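*Asks:* Let me give you the structure first, and then I'll get to my questions.
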Amino acid sequence: MFQLTRSVTWQALKGLQAETANDRIRDYFAADPQRFEKMSLRVGGLFLDYSKQPVSDEVLAKLIELAEHSALVQRRAQMFSGDIINVTEDRPVLHTALRNLGEGPLKVDGQDVMPEIQRTREQIRAFS
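Numbering-wise (full-length UniProt numbering), the sequence shown opens with residue 1 and increments by one.
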């Protein structure tokens, strides 16, 4: 299994953290007037503004590299598809099913788990 904290990219990020520990965000904005536009986005009804975090372009590039090396996109897809990714308990993680308010199915071992989750939600609603 990939050890994130032992990777070269992680070590580089630790070094960058030490180098940038005393940086001021206002200096980042002074150096790059487009920082807000480059480091904010709106998606899925959410607005994310990370321009006001002590993150340089170099740190951001290393964070993206770390995500790529750790197969983040593939692991997210496995989580959403109900694959077994909780290796300790040898089962899928069902965070996505518990938060799914849509009508679509979420299958685990070929079985749609959403009807059971919806029944449980109704029981909780009735109890409370």
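C-beta: ideal position from N, C-alpha, C; glycine also.
None of these values were measured; they are calculated from a predicted model.
Find the nearest neighbour of E58 within the set E19, T5, K107, P115, judged by alpha-carbon distance.
*Replies:* E19
*Asks:* How long is the line joining the alpha carbons of K107 and S81, rounded to whole angstroms?
*Replies:* Taking the straight line joining both Cα atoms gives about 7 Å.
*Asks:* Measuring only the C-alpha atoms, how far is S40 from R24?
*Replies:* 18 Å
*Asks:* With a Cβ-Cβ cutoff of 7 Å, do V93 and N86 count as a contact?
*Replies:* If you check the CB distance, V93 and N86 come in under 7 Å.
*Asks:* Quick one: using the 10 Å Cβ neighbour count with 16 as the cut-off for buried, is V73 buried or exposed?
*Replies:* exposed
*Asks:* Quick check on the DSSP output: the alpha helix (DSSP H) that includes V73 runs from which residue to which?
*Replies:* 72 to 81
*Asks:* Taking C-beta to C-beta, are W10 and L4 nearer than 7 Å?
*Replies:* yes
*Asks:* Going straight from the alpha carbon of S70 to that of G110, what length do you get?
*Replies:* 27 Å
*Asks:* Which same chain residues end up closer than 6 Å to I117 when comparing Cβ atoms and leaving out the 5 residues on each side of it in sequence?
*Replies:* A97.
*Asks:* DSSP three-state label for P115, please.
*Replies:* helix
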